[in-house]
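**Student:** From first to last, the protein sequence lines are chains A and B.
Count along the first sequence starting at 1, add 1081, and that's the number in the working numbering.
Count along the second sequence starting at 1, add 8, and that's the number in the working numbering.
First, the structure itself, so that you have it in front of you.
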Amino acid sequence: MDNNNKITTQVIETEVPMGTVHSAALEPYRLRLFVEDEIVRDAELTIGVNHRGIERIMEGLPVEKANSLTEKVCGICSNSHIWNSCLVAEKGLEIDVPPRAEYIRIIMEELERLHSHLLYLAHGSEVLGHETFSMRLFYIRETVMELLRMIGGNRVQYGASIIGGVRPRCELNEMRIQKIKEGMDYIEEKVLEFADRFIRDPMVMSRISGIGAITKADARRLATTGPTLRATGIEVDLRRDMEQYEPFEFDVITQDTGDVKANLLMRVLEIPESIKIIRQAIKDLPEGKITNRSWEMQDTGIIRSYIEVPRGKLYHSYKIEDGRLRNSIIRTPSITNINTMEFACIGTHITDAQLAVVQCDPCFTCTDRAIQIVDHPFRKNRII
Amino acid sequence: MKFVVRPLHIISVGGYIVEVDFPYRNIIVVNPTQEPIKIDLPVFTTDWIDKQRKLGLEIIPTKDEDSFLSTFRKAKAKLEKLKAE
């Protein structure tokens, strides 16, 4: 008797590649999804196509110049990079930063957190296919961008921090303080309205609940950082340990499920906390100078500095020799979160894989660290 | 995560080290072959070095007290020589 009626199973393993350049991805990265019955069984994320290494370019540059170069690492958290880079020098050279400058730095950092989180929410909504939410969020974000432009003179690279304080351009007068206050009121009202609308939408909730879930144990194993880690229920926020944040009261937000919903809500709920910090900083803004120029350059050993930025823990380290920078290292939070992105894809339906990546708030430009230089006389583009 | 090291190319992966219990400050990675090679990142343990060497890459770890710049320049000069051949 033949066995034609027997059920034979065949495992079909299909690979679905995305990128390096893909319409669903904002940045150049390659995502390979290994799929079985439309369920992702394994994922591989490749970056490096844009890598040139800003640390290498920083080698041997005068410290002030190298610090301003760090701002070019990322277009979203440019202030975080220059702030941390200045903190390294200030630690090594034992420079006291005036309290007013510390407060202005905090205001800039929290404004940056606001625009980064709003960008995340807008991009997340776009990936969800909800363009109305996305456009509304970009519209709300515009207020923060304008405040940053007002203080720093630029919308992307504000150059607020310098060694010993902040640039004179960033001094806050009464008019600017009033505009920040009005901006905070507006953002708080609009974000809470958005959150209410977002949570009450059953279509959106069903699309994001339980997708790309990461457990506490997995987050620890994968060295996850920032809001992505807090979305799993682990209460770790470096701002709690930073002396710059000591005068301010704020809550560390956590969620329990570690899925897309938890990650989106994390950012929504962190926005009022940032607004709270900005309001406190404005209310108690100390009087006095904003730059300490009475310091001397000297050689230092290797100095390390960690700060909490919108995506997690940012690490800058270098030493100073003859006023020049040596042995520089920058570690962005996205690099430690990339393994989490791969892991979050596994087990999801193929249509949710991109959402699982986006939930970790990736910034591949900051991870690859490429900058574009335009040589003016010849108009030649050079990526370094 | 994978990272592409282009053929006859040199990079340093210091920013990709998660420095929990890792003795080196920076790692210079040289691809002396004519093929792009994918490496695993981030770096968590010293086993990573042997694993990547097996792929045909030249791995030069540097410590806090080493001069990163001179080590990088030496490796780069060696690579340039190889490129010229």
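Where is the CB? At the ideal position from N, CA and C, for every residue including glycine.
Bear in mind that the values here come from a model prediction, so they are computed numbers and not experimental data.
What residues from chain A crowd round aspartate 72/B, counting only those whose CB sits closer than 9 Å?
**Tutor:** Within chain A, the residues near aspartate 72/B are Gly1382, Ile1383, Lys1400 and Asn1408.
**Student:** What does a CB cutoff of less than 6 Å around asparagine 1086/A pick up in its chain, not counting 5 residues either side in sequence?
**Tutor:** Since pLDDT at asparagine 1086/A reaches only 46, below the 50 mark, its modelled position is unreliable, and no value is offered.
**Student:** Given that arginine 33/B touches chain A, what residues does it touch there, using C-beta distances under 9 Å?
**Tutor:** Neighbours of arginine 33/B on chain A, chain order: Ile1383, Ser1398, Asn1408 and Ile1410.
**Student:** In the DSSP assignment, the beta strand (DSSP E) including aspartate 1386/A goes from what residue to what residue?
**Tutor:** Position check: residue 1386/A holds serine in this sequence, whereas aspartate was assumed. Unbroken beta strand (DSSP E) run through serine 1386/A: 1384–1390.
**Student:** Rank Tyr1399/A, Met1286/A and Ile1295/A by C-alpha distance to the C-alpha of asparagine 1420/A and give the top, closest one.
**Tutor:** Checked all of Tyr1399/A, Met1286/A and Ile1295/A; the closest Cα to asparagine 1420/A is Ile1295/A.
**Student:** Should asparagine 1420/A be flagged as near chain B, meaning a C-beta pair shorter than 7 Å?
**Tutor:** Output row for asparagine 1420/A: interface = yes.
**Student:** Taking the alpha-carbon of serine 1375/A as reference, which of Thr1446/A, Glu1175/A, Ile1221/A and Glu1145/A has the nearest alpha-carbon?
**Tutor:** When only C-alpha atoms are compared, the closest one is Glu1175/A.
**Student:** Please identify, using Cβ separations under 8 Å, the residues of the region 1246–1264 of chain A that lie next to chain B, in order along the chain.
**Tutor:** Correct list: empty, as no residue qualifies.
**Student:** Three-state secondary structure (DSSP) at valine 38/B?
**Tutor:** Here valine 38/B sits in strand by DSSP.
**Student:** Can you have a look at glycine 1173/A and say buried or exposed, based on whether 16 or more other CB atoms are within 10 angstroms of its CB?
**Tutor:** The residue is buried, with at least 16 neighbouring Cβ atoms inside 10 Å.
**Student:** Is the beta carbon of threonine 1413/A less than 7 Å from the beta carbon of threonine 1446/A?
**Tutor:** No.
**Student:** Let me check one thing: in DSSP terms, what residues is arginine 1113/A bridge-paired to?
**Tutor:** Note: arginine 1113/A sits in a beta bridge opposite Pro1098/A and Glu1125/A.
**Student:** Tell me the rounded alpha-carbon separation between glycine 1129/A and alanine 1147/A.
**Tutor:** So the alpha carbons of these two residues sit roughly 23 Å apart.
**Student:** Three or more beta-carbon pairs under 8 Å between the region 1272–1281 of chain A and the region 1366–1381 of chain A, yes or no?
**Tutor:** No, they do not touch.
**Student:** In three-state DSSP terms, what is lysine 62/B?
**Tutor:** Lysine 62/B: coil per DSSP, three-state reduction.
**Student:** Measuring CB to CB, does methionine 1422/A end up less than 7 Å from cysteine 1441/A?
**Tutor:** In this structure, cysteine 1441/A lies closer than 7 Å to methionine 1422/A by Cβ.
**Student:** Could you check if methionine 1256/A is buried or exposed, using at least 16 other CB atoms within 10 Å of its CB as the buried criterion?
**Tutor:** Exposed, because fewer than 16 other Cβ atoms sit within 10 Å of the Cβ of methionine 1256/A.
**Student:** Under three-state DSSP, which class holds glycine 1246/A?
**Tutor:** Strand at glycine 1246/A.
**Student:** Distance check for alanine 1298/A and isoleucine 25/B, CA to CA, integer angstroms please.
**Tutor:** Approximately 21 Å, taken between the alpha carbons.
**Student:** At which residue ranges does the region 1124–1185 of chain A contain complete alpha helix (DSSP H) runs of 4 or more residues, listed in the order of the chain?
**Tutor:** Taking only runs of at least 4 residues, the alpha helix (DSSP H) segments lying wholly in the region 1124–1185 of chain A are 1135–1139, 1144–1151 and 1159–1174.
**Student:** Between which two residues does the alpha helix (DSSP H) holding tyrosine 1267/A run?
**Tutor:** Taken as a continuous stretch (DSSP letters only), the alpha helix (DSSP H) holding tyrosine 1267/A covers 1255–1280.
**Student:** Nearest chain A C-beta to glycine 64/B closer than 7 Å, yes or no?
**Tutor:** Taking Cβ atoms only, chain A never reaches closer than 7 Å to glycine 64/B, which makes this a no.
**Student:** Compute the distance between the beta-carbons of glycine 1246/A and alanine 1182/A, then report whether it is under 7 Å.
**Tutor:** Yes, the Cβ-Cβ distance between glycine 1246/A and alanine 1182/A is below 7 Å.
**Student:** Going along the chain, which residues of the region 1110–1130 of chain A sit with their C-beta nearer than 7 Å to a C-beta in chain B?
**Tutor:** The region 1110–1130 of chain A vs chain B, Cβ under 7 Å: Glu1125, Leu1126, Thr1127, Ile1128, Gly1129 and Val1130.
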